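Worksheet: one structure, shown below.
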Ligand SMILES: Cc1cc2nc3c(=O)[nH]c(=O)nc-3n(C[C@H](O)[C@H](O)[C@H](O)COP(=O)(O)OP(=O)(O)OC[C@H]3O[C@@H](n4cnc5c(N)ncnc54)[C@H](O)[C@@H]3O)c2cc1C
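Numbering (this note's numbering), first residue to last: 252 to 657.
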């Protein structure tokens with residue numbers, strides 16, 4: 252059975268790995284001309300259930316070795332003393348095995364794990380799809396035409412497959428009232444393994460060192476009513492960020508000096524995707540493409556890993572009955588995706604203070620939490636944290652399915 256997957260970031264390669272393990276033939280089409288790896292991307296989290304999936308894939312050791320090793324966080328505010336947070340202890344309280352890794356590094360490792368078992372088509376994209384009930388005829392931007400048994404969109408928040416099969420993004424897109432910008436610059440402050448964050452009402456600026464590149468990543472999060480801008484126009488977005496933070500103070504003027512030169516500049520609203528169903532006929536969605544909980548606030552990476560693992564397992568368990576496989580995948584993952592979507596607005600509310608009380612309390616809560624006994628921390632996290640929620644669901648065991656002919 253031939254499966255076309257759109258997107259070679261996180262969900263795509265994990266899905267391809269497991270599909271191949273069960274006897275499917277996966278092909279991944281990725282829009283970027285080559286893999287964005289190593290240097291690129293923001294830091295993302297793998298919580299214990301996602302870590303367990305990568306362990307079963309045989310790539311956990313490589314992931315663990317590539318972790319960011321950011322171990323301390325200093326939170327600053329105007330006119331207040333800095334507050335220190337022990338990140339290592341905080342993550343230990345959150346999850347028995349947690350790793351923070353650059354998204355690009357994770358993608359590189361997942362690609363290395365799958366490249367011999369998966370056909371990769373870089374620099375191309377699906378132009379049209381036609382599902383006749385027995386297969387899907389696909390044309391690519393390159394002009395190539397091919398037929399697949401199933402097509403899966405693992406192409407992120409602004410998914411192309413979703414647009415082609417489910418319609419425009421607008422009605423499915425739920426903004427949480429925040430925006431996010433990230434870019435790299437030279438190491439201006441000798442950060443080492445430290446993260447610095449500066450908070451004010453409605454704004455958060457964070458900087459951390461990337462040990463693999465020696466560069467600094469800067470992230471800007473802010474609350475705003477819906478902003479009008481062209482999502483393709485990076486210069487317009489840079490100007491918008493400069494206007495929003497132009498008179499901020501702290502280290503921001505130095506950071507903004509590197510804005511114009513930033514080639515990896517990323518800007519987007521913090522938004523969710525809500526769909527009534529994640530598949531139509533022989534076309535399905537996985538990861539952010541189907542149920543993005545909001546970039547940087549919803550544990551989307553762990554959700555993508557766990558969901559891709561479950562999708563492959565359920566497709567294999569259902570043998571040639573693809574509809575049952577897709578239905579069972581959605582039944583298992585939907586409660587998790589819903590939970591993540593419910594918690595992520597609270598996470599956004601915590602990390603970007605909405606008022607002066609939150610601004611006063613948040614840094615102290617963050618500093619005290621890691622000092623509590625692990626059991627107490629886990630109890631607190633279980634009420635509030637997406638990582639805990641995602642890891643609280645036991646992973647199905649599909650080991651009996653290995654190499655079933657489909
Ligand atoms: C700034 C930022 C910070 C974040 N921080 C965190 C964090 O701390 N913790 C966390 O867990 N998550 C975080 N996330 C979210 C996390 O990155 C995503 O949830 C995760 O990467 C989702 O994986 P995915 O494979 O579903 O989609 P994506 O990682 O978005 O990958 C989609 C892939 O599809 C490709 N693609 C897009 N369009 C096409 C097309 N037309 N044809 C072919 N390919 C296409 C893209 O190039 C990309 O490779 C953050 C996100 C951002 C933007």
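Note that beta-carbon positions come from the ideal geometry of N, C-alpha and C, so glycine has one too.
Keep in mind that this is a model prediction, so the values were computed, not measured.
Quiz item: Can we say the region 495 to 506 touches the region 356 to 374, given the rule of at least three CB pairs closer than 8 Å?
Solution: These segments do not touch.
Quiz item: Thinking just about the alpha-carbon of each residue, which of 412, 263 and 275 is nearest to the one in residue 652?
Solution: Here the question's residue 652 lines up with position 401 in the chain shown. Selected option, being the one with the closest Cα: 275.
Exercise. Could you name the residues that DSSP lists as bridge partners for residue 430?
Key: As a first step, residue 430 is located in the chain shown; it is residue number 179 there, counting from the start. The bridge partners DSSP lists for residue 430 are 473 and 520.
Quiz item: Around the Cβ of residue 465, are there at least 16 other Cβ atoms within 10 angstroms (buried) or fewer (exposed)?
Solution: Position 214 of the chain shown, counted from the first residue, corresponds to residue 465. Residue 465 is exposed by the Cβ-count criterion.
Exercise. Taking only the alpha-carbon atoms, compute the straight-line gap between residue 433 and residue 458 and give it to the nearest angstrom.
Key: Numbered from 1 along the chain shown, position 182 holds the residue referred to as residue 433. Numbered from 1 along the chain shown, position 207 holds the residue referred to as residue 458. C-alpha separation (whole angstroms): 10 Å.
Self-check item: Rounded distance between the beta-carbons of residue 614 and residue 326, thought under 8 Å
Solution: Sequence index remark: in the chain shown, residue 326 carries index 75 (1-based). Sequence index remark: in the chain shown, residue 614 carries index 363 (1-based). Taking a contact as a CB-CB distance under 8 Å, the pair residue 326 and residue 614 counts as one, their CB atoms being some 4 Å apart.
Quiz item: Based on the DSSP secondary-structure assignment, which residues constitute the bridge partners of residue 436?
Solution: Numbered from its first residue, the chain shown carries residue 436 at position 185. According to DSSP, residue 436 bridges with 467.
Exercise. Give me the Cα-Cα distance between residue 296 and residue 571, rounded to the nearest whole angstrom.
Key: Looking up residue 296 in the chain shown gives position 45. Looking up residue 571 in the chain shown gives position 320. Cα to Cα, the separation comes out at about 34 Å.
Quiz item: Near residue 530, what residues of its chain come up, given a Cβ to Cβ distance below 6 Å and the 5 sequence neighbours on each side ignored?
Solution: Walking along the chain shown from the start, residue 530 turns up at place 279. Cβ neighbours of residue 530 beyond the five flanking positions: 577.
Exercise. Take residue 386 and list the residues in its own chain whose beta-carbon comes closer than 8 Å to its own, dropping the five residues that flank it on each side.
Key: Residue mapping note: residue 386 aligns to position 135 of the chain shown, counting from 1. Here the set comprises 398, 399, 400 and 533.
Quiz item: What are the partner residues of residue 391, as DSSP defines its beta bridges?
Solution: Locating residue 391 in the chain shown gives position 140, where the first residue counts as 1. Per DSSP, 377.
Quiz prompt | Chain-order list of residues whose beta-carbon lies under 6 Å from that of residue 454 (same chain, five-residue window excluded) | solution = Along the chain shown, read from residue 1 onward, the residue named residue 454 stands at position 203. 473, listed in sequence order.
Quiz item: In whole angstroms, what is the alpha-carbon distance linking residue 565 and residue 580?
Solution: Taking the first residue of the chain shown as position 1, residue 565 is located at position 314. Taking the first residue of the chain shown as position 1, residue 580 is located at position 329. Here the alpha carbons of residue 580 and residue 565 stand approximately 6 Å from one another.
Quiz item: Of the residues 382, 406 and 594, which one's Cα is nearest the Cα of residue 375?
Solution: Residue 375 sits at position 124 when you count from the first residue of the chain shown. Of 382, 406 and 594, the residue nearest in Cα terms is 406.
Practice problem: Within the same chain, show all residues whose beta-carbon is closer than 8 Å to that of residue 557, passing over the 5 residues directly before and after it, in chain order. | Solution: In the chain shown, residue 557 corresponds to position 306, counting from 1. Listed in chain order, the non-local C-beta contacts of residue 557 below 8 Å within the same chain comprise 300, 301, 304, 584, 587, 641, 644 and 646, local neighbours out to five positions each way being set aside.
Practice problem: Spatial neighbours of residue 260 within its chain, please: CB distance less than 6 Å, with the 5 preceding and 5 following residues excluded, ordered by chain position. | Solution: Reading the chain shown from its first residue, position 9 is the one you call residue 260. Once the five neighbours on either side are set aside, the close Cβ partners of residue 260 are 358.
Practice problem: For residue 657, collect the residues of the same chain with a Cβ closer than 7 Å to its Cβ; drop the 5 residues on either side in sequence, then sort them by chain order. | Solution: On the chain shown, residue 657 is found 406 positions in, with the first residue counted as 1. Because residue 657 sits at a pLDDT of 46, beneath the cut-off of 50, its placement in the model cannot be relied upon, and the point is left open.
Quiz item: So what does DSSP say about residue 325, is it helix, strand or coil?
Solution: Taking the first residue of the chain shown as 1, we reach residue 325 at position 74. Of the three classes helix, strand and coil, the one that applies to residue 325 here is strand, per DSSP.
Self-check item: residue 442 versus 582, 315, 278 and 319, residue with shortest Cα-Cα distance
Solution: Taking the chain shown and counting its residues from 1, the one referred to as residue 442 is at position 191. Per the Cα distances, 319.
Practice problem: Can you tell me which of the three DSSP states residue 454 falls into? | Solution: Counted from its first residue, the chain shown places residue 454 at position 203. Residue state, collapsed to three classes: strand.
Exercise. Using only the heavy atoms of ligand 1, determine whether one of them is closer than 8 Å to the beta carbon of residue 323.
Key: Taking the chain shown and counting its residues from 1, the one referred to as residue 323 is at position 72. No, the Cβ of residue 323 stays beyond 8 Å of every heavy atom of ligand 1.
Quiz prompt | Through-space distance from residue 574 to residue 444, alpha-carbon basis | solution = Position 193 of the chain shown holds residue 444. Position 323 of the chain shown holds residue 574. Between the C-alpha atoms of residue 444 and residue 574 there is a straight-line separation of about 47 Å.
Exercise. Determine the direct distance from the alpha carbon of residue 373 to that of residue 285, and round the result to whole angstroms.
Key: Taking the first residue of the chain shown as 1, we reach residue 285 at position 34. Taking the first residue of the chain shown as 1, we reach residue 373 at position 122. CA-to-CA, the gap between residue 285 and residue 373 works out to about 6 Å.
Quiz item: Residue range of the alpha helix (DSSP H) that residue 589 falls in?
Solution: For the purposes of this step, residue 589 is identified with residue 338 of the chain shown, where counting begins at 1. The continuous alpha helix (DSSP H) containing residue 589 extends over residues 573 to 602.
Quiz item: Does DSSP put residue 257 in a helix, a strand or coil?
Solution: One-based indexing of the chain shown puts residue 257 at position 6. Correct three-state label for residue 257: strand.
Quiz item: Taking DSSP as the reference, what is the three-state secondary structure of residue 514?
Solution: Position 263 of the chain shown, counted from the first residue, corresponds to residue 514. Coil, per DSSP.
Exercise. Measure the C-alpha to C-alpha separation of residue 267 and residue 280 and round it to an integer number of angstroms.
Key: Numbered from 1 along the chain shown, position 16 holds the residue referred to as residue 267. Numbered from 1 along the chain shown, position 29 holds the residue referred to as residue 280. Residue 267 and residue 280: Cα-Cα distance of roughly 11 Å.
Self-check item: Three-state secondary structure (DSSP) of residue 548
Solution: In the chain shown, residue 548 corresponds to position 297, counting from 1. Coil at residue 548, not helix or strand.
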